[in-house]
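For reference, the structure is listed below as structure tokens.
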Amino acid sequence: MKAFEAVQHYFDRAADELEMADSMRKLLSTPEREIVVQLPVEMDDGRLESLIGYRVQHNRARGPMKGGLRYHHEVDLDEVRSLASLMTWKTAVVNLPYGGAKGGVTVDNRKLSQGERERITRKLVDKIHELIGPDKDIPAPDMGTDHKVMAWFVNQYNKYHGFNPAVVTGKPVEHYGIPGREEATGRGVGLLTIKALGRLGRKVAGATVAIQGFGNVGSHAAKFLGEAECKVVAVSDISGGYYDPAGLDIMDVVRHSRAHVGALAGYANAEKITNEELLELDVNVLIPAALGGVITTENADRIQADFIVEAANAPIRPDADDLLAARGIPILPDILANAGGVTVSYFEWAQNRQFYQWNLDRVRGELDHLLSTAFEQVWELAVQREVTLRTAAFMVGIERVARAAILTGVT
Ligand code: NAD
């Protein structure tokens, strides 16, 4: 199943529950606009490279479209389309006044120099600046892009349209960014894990947790859960897993990772395991926070966690999702679990438009409030309708977007 087909599979299941008419299904699942542009860029060695850039604007019934910008060698139109549609349902579940979009450039980010990355970014803005903007479509960082890319992006956009910091989010904090954006997704994952433990009648203190991926999301989730007295027994990155059944000292792991340019390789205060073994540990909570598609029909039967929190986008394939549901393992879906990042992006956009700097306490307080409200709504609906948390989350999102389309008129 390709990426967009997988999102459609979940969409259809929720639309069935909502008894949605075929005409509305088609309207909501068809992207509003798909942009594909050629990006001729001079590389450091003098070669002219013709890259391809994408921006899929999926739906704008609830407001300007919002979604990240990915620089990765596997980016293609199907992937960008699937992520754009996930953004539509994600912003709606958390009730942000946005639609969904996503963009990307097919390029191996690891091989780019800073100068090449900057030229690609500026060329992309040259090609799409008329179709984006604070009231139209607001990009943000994603895999392979960061706050520096956002600073170049805004600078290039301003050359065409004047001062407009709200055109992208995820900017450097000292350049119209917002405190708390970096930790936001991991904080949200941690917060909702604790809420889910409560709803499942489990104790938070001592609950065992395994986290795949120790980048931005995984490391902040680990810190939050460690501070909440959960026992984080395993973490991993591309170099493999690190396991201590007595609980890892998360700050010690963070210090090691900081000292080794974000990598865990060489961490000696834990047992070395593989990423596959980490996924199959007997823990209370499993948090995939690295790649998509890591839980498949091949390993779903060996998952022993009591419940799964999807910090990464689409870490579970749809057929594995069914197997886990049949085994009674609840899954907190990506469109809710990792919505903390886009929520704080919304605060950054609001801050830019108010010309007023928010402080970290306000950011954290409002983030916790919005995510908790969304969580309770999804959980209640799942119980009431006897559906999975994923179907309930899609139902909340889809219903809000459909309502906006009806209220505003679709033609
Ligand atoms: P990141 O690049 O900061 O970290 C990724 C981590 O995954 C690193 O530790 C890396 O070593 C590890 N990794 C890479 N390949 C791996 C492999 N084959 N096996 C195991 N680990 C591997 O990325 P991030 O921002 O933390 O994002 C992680 C996931 O969360 C992605 O799926 C992303 O789309 C999703 N997400 C991120 C945000 C955000 O705000 N950063 C928001 C929503 C969703």
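For the sequence shown, position 162 matches number 1440 in the working numbering, and the numbering has no gaps at all.
C-beta: ideal position from N, C-alpha, C; glycine also.
Treat the numbers as computed from the prediction; the structure is a model and nothing was measured.
Separation of residue j from residue i, as counted between CA atoms
i, j, result
"G1458", "R1640", "10 Å"
"F1633", "I1416", "17 Å"
"R1590", "S1360", "Just to set this straight, residue 1590 is Ala in the shown sequence, not Arg. Distance between the alpha carbons of A1590 and S1360: 14 Å."
"V1532", "A1548", "13 Å"
"L1610", "L1526", "24 Å"
"A1617", "T1463", "7 Å"
"V1451", "E1664", "43 Å"
"N1494", "E1460", "7 Å"
"H1439", "V1315", "20 Å"
"D1599", "E1394", "40 Å"
"V1572", "G1643", "33 Å"
"R1333", "A1488", "34 Å"
"G1519", "G1491", "9 Å"
"D1323", "R1338", "41 Å"
"P1375", "A1299", "24 Å"
"K1426", "F1282", "29 Å"
"G1346", "E1357", "12 Å"
"L1326", "I1398", "12 Å"
"Y1521", "L1602", "24 Å"
Check: residue i C-beta below 8 Å from any heavy atom of ligand 1
i, result
"P1593", "yes"
"Q1629", "no"
"Q1490", "yes"
"G1455", "no"
"V1495", "yes"
"S1517", "yes"
"P1619", "A quick correction: the sequence has Gly, not Pro, at residue 1619. G1619: yes, Cβ under 8 Å from ligand 1."
"T1463", "yes"
"M1421", "yes"
"L1649", "no"
"S1514", "yes"
"D1612", "yes"
"A1284", "no"
"L1306", "no"
"L1470", "no"
"G1570", "yes"
"L1691", "Nothing can be reported for residue 1691: it is not among the residues displayed for the chain, which extend from 1279 to 1689."
"A1500", "no"
"A1589", "yes"
"N1577", "no"
"A1567", "yes"
"A1541", "yes"
Beta-carbon proximity list for residue i, same chain, < 8 Å, skipping 5 on both sides
i, result
"I1607", "I1581, A1583, D1584, F1585 and I1586"
"A1284", "S1360, A1592, R1595 and P1596"
"P1412", "P1342, N1442, A1444, V1445, W1627, N1630 and R1631"
"I1676", "F1289, A1292, A1293, L1296, M1298, L1306, W1367 and A1370"
For residue i: DSSP bridge partner residues
i, result
"M1343", "G1377 and D1415"
"Q1316", "I1330"
"Q1335", "R1311 and A1379"
"G1393", "Per DSSP, none; premise fails for G1393."
"T1384", "H1350"
"L1564", "A1488 and I1586"
"L1610", "V1587"
"I1594", "I1573"
Span of the alpha helix (DSSP H), counted from its first residue to its last, around residue i
i, result
"L1556", "N1553 to L1557"
"S1514", "Premise fails: S1514 lies in the beta strand (DSSP E), K1509 to D1515, not in any alpha helix (DSSP H)."
"I1573", "No alpha helix (DSSP H) holds I1573; DSSP gives it neither H nor E."
"L1712", "Absent from the model: residue 1712. The displayed extent of the chain is 1279 to 1689, so no value can be given."
"Y1288", "A1281 to E1295"
"G1619", "G1618 to Q1632"
"V1679", "L1667 to T1686"
Residue i, enclosing beta strand (DSSP E) - first and last residue
i, result
"I1489", "T1486 to Q1490"
"F1585", "F1585 to V1587"
"G1643", "Segment L1638 to R1663 is the alpha helix (DSSP H) holding G1643; no beta strand (DSSP E) there."
"Y1520", "G1518 to Y1521"
Contacts around residue i, its chain only, beta-carbon distance under 6 Å, and the 5 residues preceding and following it disregarded
i, result
"N1630", "P1443, A1444 and Y1454"
Cutoff 7 Å; reference residue i; Cβ partners in own chain excluding five residues on either side
i, result
"T1669", "R1291, A1292 and E1295"
"S1517", "A1541, L1542 and A1543"
"V1622", "I1456, G1458, R1459, A1462, V1641 and L1645"
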